[in-house]
Every structure is written in structure tokens, then in C-alpha cells.
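Engineer: Residue numbers (my numbering): 4 to 246.
Got a structure for you, questions after.
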Amino acid sequence: MNVSRIALVGGVAASTVLLLAGTASAHVSVQPVGEAAKGGYATVNFKVPNERDDASTVKLEVNFPTDHPLASVSPQPVAGWKIEVTKSKLAEPLDVHGKKINEAVSKVTWTADGKGIETGFFQQFPLSVGQLPEDADQLVFKALQTYSNKEVVRWIEEPTEGGEEPESPAPVLALTAPAADAHGAAADDKGGAEEKATETTASSDDASSSNSDSTARVLGIVGIVVGVAGVGFGVLASRRRSA
């Protein structure tokens with residue numbers, strides 16, 4: 004096999020690997036803008052790539068988890084898409100800031116007004132969601148992607164314990180640790196400031212005490228010098244009278 008043939012075979016193999024890697028990674032996913040902290044609110048983007056050469060994506064349905072319902076879901080308008088928010092009754096009401104919530108968003112649907120997501124392109128669908136659960140490390144959203152040729156791809160398989168990615172994985176939102184309590188931080192800052200103020204006052208007192216001691220010493224030395232000078236003057240005057 005000559006050098007040119009080896010290069011050709013290597014190039015074909017590399018192209019095949021890249022093609023398969025691109026196909027495996029091209030699925031509906033969800034990512035937060037910044038962090039999605041437990042117990043807080045977040046903005047998330049559902050990223051939808053088009054995987055077909057002969058059809059465009061014209062519809063996306065995202066189903067929300069029922070085990071951790073979200074009381075607040077607000078979609079951001081997307082040019083060229085209609086948005087429908089579906090709510091469902093909850094088996095148990097949610098307590099959000101002291102208010103009982105009896106229903107939560109169960110599904111959000113985006114439907115294209117025109118061509119949708121064409122071949123070689125992707126689209127992001129932003130949502131503001133909350134309040135995120137405090138007792139979960141992730142949220143799983145099952146999604147359905149519909150193409151213009153009526154094909155429906157179901158991204159609904161949940162991740163396995165072994166860490167291997169399913170063939171049609173559902174979008175998974177990873178949750179981070181809760182944000183620090185701002186009031187607690189303020190209290191700590193206040194405490195630190197008071198401690199620093201106490202240290203400064205103590206230092207000032209020490210400095211004042213040191214200055215007072217120095218002044219007393221100087222005055223004492225001056226007094227001794229004056230006293231010695233007075234004694235010498237008296238002795239000299241006495242001798243002159245005697246003479």
C-alpha cells in the first residue's frame with residue numbers, strides 16, 4: 004500500500020469518526036444561563052439542533068418533571084415560534100413564599116410559524132424557571148421533536164446509573180449547591196467590622212497610654228535636670244558670699 008492510499012484510508016476513517024461523534028452528540032439538551040442553584044430561580048435554554056437533511060424541525064414539546072413540579076415557568080418570546088404553556092393540577096399543593104400553589108406547568112410547546120429549524124442550524128428556547136427543588140441534584144425534562152415530514156423523535160430516556168448515555172437521552176438540568184444566605188454574610192461582615200473596630204480602639208488606647216508614659220518620663224528627666232542646675236547655682240552663690 005503506497006503513501007497516498009494510506010492517507011486516503013486514514014482520512015475516510017477520521018471523517019467517519021467525526022460524523023458518528025456529531026450524530027451521537029446532536030440531541031435536545033438544556034443548559035442554565037449561569038448556575039441553577041437549589042432552592043432558587045434560573046434561566047435555562049433548551050437547545051434543539053436539526054438532524055435531518057430532508058426536513059426541518061417545526062415543533063418542540065418539553066414535559067416538566069412531576070416529582071419536582073415548578074410553580075413559576077415563564078418563556079421568552081422566540082421570533083417565528085408560537086408558545087403554549089400547559090398547566091396541571093397538583094396532587095399536593097406547593098408552598099411558595101407562604102402561598103399555596105395548586106397547579107404547576109406540566110408542558111411547554113413551541114410551534115414554528117414558518118420554516119422552523121432548517122438543516123444545518125439549531126435554535127435555543129429560553130425559559131425562566133423556579134423555585135428549583137432543594138432535595139434533588141438534577142431535573143429531567145422529556146422532550147418531543149417534530150419534523151416537517153411528520154417524524155417525531157422522542158428524547159425521553161433518563162440517564163442510567165452507569166453513566167452511559169442512552170440512545171435518545173432526555174434533557175437533564177444539573178442543580179448546584181444553594182446560594183449563600185446574604186443576611187448571614189451581612190451579619191458576618193458586621194461582626195468582623197465590630198471586631199476590627201474593637202481592635203482599633205484597643206490599639207488607640209495602647210497608643211495613648213504609651214504616649215502618656217513617654218511624656219511623664221520626659222517631664223521627670225527635665226525636672227531632675229532643673230533640680231541639679233538649681234543646686235549648682237546655690238552652691239556657687241554661697242561661695243561668692245563667703246569670699
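Backbone N, C-alpha and C define an ideal beta-carbon position, used for all residues, glycine too.
Could you check which residue in Lys103, Val111 and Ala146 has the C-alpha nearest to that of Glu95?
Structural biologist: Mapped onto the sequence shown, residue 95 falls at position 92. The shortest C-alpha separation from Glu95 is found at Lys103.
Engineer: According to DSSP, is Ser207 helix, strand or coil?
Structural biologist: Translated into the one-based positions of the sequence shown, residue 207 becomes position 204. Since pLDDT at Ser207 reaches only 46, below the 50 mark, its modelled position is unreliable, and no value is offered.
Engineer: Apply the 10 Å Cβ neighbour rule to Pro172 and answer buried if 16 or more other Cβ atoms are within range, or exposed otherwise.
Structural biologist: One-based indexing of the sequence shown puts residue 172 at position 169. Per the 10 Å Cβ criterion, buried.
Engineer: Taking its Cβ as the centre, do 16 or more other Cβ atoms sit within 10 Å of Lys145, making it buried, or is it exposed?
Structural biologist: Along the sequence shown, read from residue 1 onward, the residue named residue 145 stands at position 142. Counting Cβ neighbours within 10 Å, Lys145 comes out buried, since at least 16 surround it.
Engineer: Smallest Cα separation from His71: which of Thr163, Gln141, Gly165 and Phe128?
Structural biologist: For the purposes of this step, residue 71 is identified with residue 68 of the sequence shown, where counting begins at 1. Out of Thr163, Gln141, Gly165 and Phe128, Gln141 has the C-alpha closest to the C-alpha of His71.
Engineer: Does the structure place the stretch 83-90 close enough to the stretch 36-53 that three or more beta carbon pairs sit under 8 angstroms?
Structural biologist: In short, these stretches do not touch, since the Cβ pair count stays below three.
Engineer: Note down the Cα distance separating Ser91 from Arg157, rounded to an integer number of angstroms.
Structural biologist: In the sequence shown, residue 91 corresponds to position 88, counting from 1. In the sequence shown, residue 157 corresponds to position 154, counting from 1. Those two C-alpha atoms are separated by around 22 angstroms.
Engineer: Quick check on DSSP: helix, strand or coil for Pro96?
Structural biologist: Counting from 1 along the sequence shown, the entry for residue 96 is found at position 93. Correct three-state label for Pro96: strand.
Engineer: How would you call Thr149, buried or exposed, if buried means at least 16 neighbouring beta carbons within 10 angstroms?
Structural biologist: Within the sequence shown, numbered from 1, the residue matching residue 149 stands at position 146. Thr149 is buried by the Cβ-count criterion.
Engineer: Which residue from Pro52, Pro35, Ala39 and Ala29 puts its Cα closest to that of Pro136?
Structural biologist: For this step, residue 136 is matched to residue 133 along the sequence shown. Nearest of Pro52, Pro35, Ala39 and Ala29 to Pro136, Cα basis: Ala39.
Engineer: Applying the criterion that 16 or more other CB atoms from any shown protein chain within 10 Å of the CB defines a buried residue, is Pro174 buried or exposed?
Structural biologist: Indexing the sequence shown from 1 puts residue 174 at position 171. Label assigned to Pro174: buried.
Engineer: Taking His30 as the reference, give the member of Leu178, Thr163 and Val155 with the closest Cα.
Structural biologist: Within the sequence shown, numbered from 1, the residue matching residue 30 stands at position 27. Ranking the options by Cα distance to His30, first place goes to Val155.
Engineer: Would Ala107 and Leu73 be called neighbours here (beta carbons separated by less than 9 angstroms)?
Structural biologist: As a position in the sequence shown, residue 107 is number 104, starting the count at 1. As a position in the sequence shown, residue 73 is number 70, starting the count at 1. A contact, by the Cβ cut-off of 9 angstroms.
Engineer: Rounded to whole angstroms, what is the Cα-Cα separation between Arg55 and Lys153?
Structural biologist: Within the sequence shown, the letter at position 52 stands for residue 55. Within the sequence shown, the letter at position 150 stands for residue 153. The alpha-carbon atoms of Arg55 and Lys153 are separated by roughly 12 angstroms.
Engineer: For Gln79, count neighbouring Cβ atoms within 10 angstroms of its own Cβ and tell me buried if that reaches 16, exposed if not.
Structural biologist: Locating residue 79 in the sequence shown gives position 76, where the first residue counts as 1. Gln79 should be labelled exposed.
Engineer: For the candidate residues Asp138, Val36 and Ala58, whose alpha-carbon lies nearest to that of Ile120?
Structural biologist: On the sequence shown, residue 120 is found 117 positions in, with the first residue counted as 1. If we check each option's Cα against that of Ile120, Ala58 comes out closest.
Engineer: Any beta carbon of chain D sitting closer than 9 angstroms to that of Phe125?
Structural biologist: The structure shown contains no chain D, having only a single protein chain.
Engineer: Return the CA-CA distance between Gly37 and Ser151, expressed in angstroms with no decimal places.
Structural biologist: Position 34 of the sequence shown, counted from the first residue, corresponds to residue 37. Position 148 of the sequence shown, counted from the first residue, corresponds to residue 151. Those two C-alpha atoms are separated by around 33 angstroms.
Engineer: Is it the case that the Cβ atoms of Asn53 and Gly123 are separated by a distance below 9 angstroms?
Structural biologist: Taking the sequence shown and counting its residues from 1, one reaches residue 53 at position 50. Taking the sequence shown and counting its residues from 1, one reaches residue 123 at position 120. Yes, they are a contact pair.
Engineer: Any idea what DSSP makes of Ile159, helix, strand or coil?
Structural biologist: Here residue 159 corresponds to residue number 156 of the sequence shown, with the count starting at 1. If DSSP states are grouped into helix, strand and coil, Ile159 belongs with coil.
Engineer: Can you list, in chain order, the residues of its chain whose CB lies under 7 angstroms from that of Glu161, leaving out five sequence neighbours each side?
Structural biologist: Sequence index remark: in the sequence shown, residue 161 carries index 158 (1-based). Within the same chain, Glu161 has close Cβ partners Val143 and Ala173.
Engineer: Looking at the structure shown, is Thr60 part of a helix, part of a strand, or coil, going by DSSP?
Structural biologist: Locating residue 60 in the sequence shown gives position 57, counting from the first residue. If DSSP states are grouped into helix, strand and coil, Thr60 belongs with the strands.
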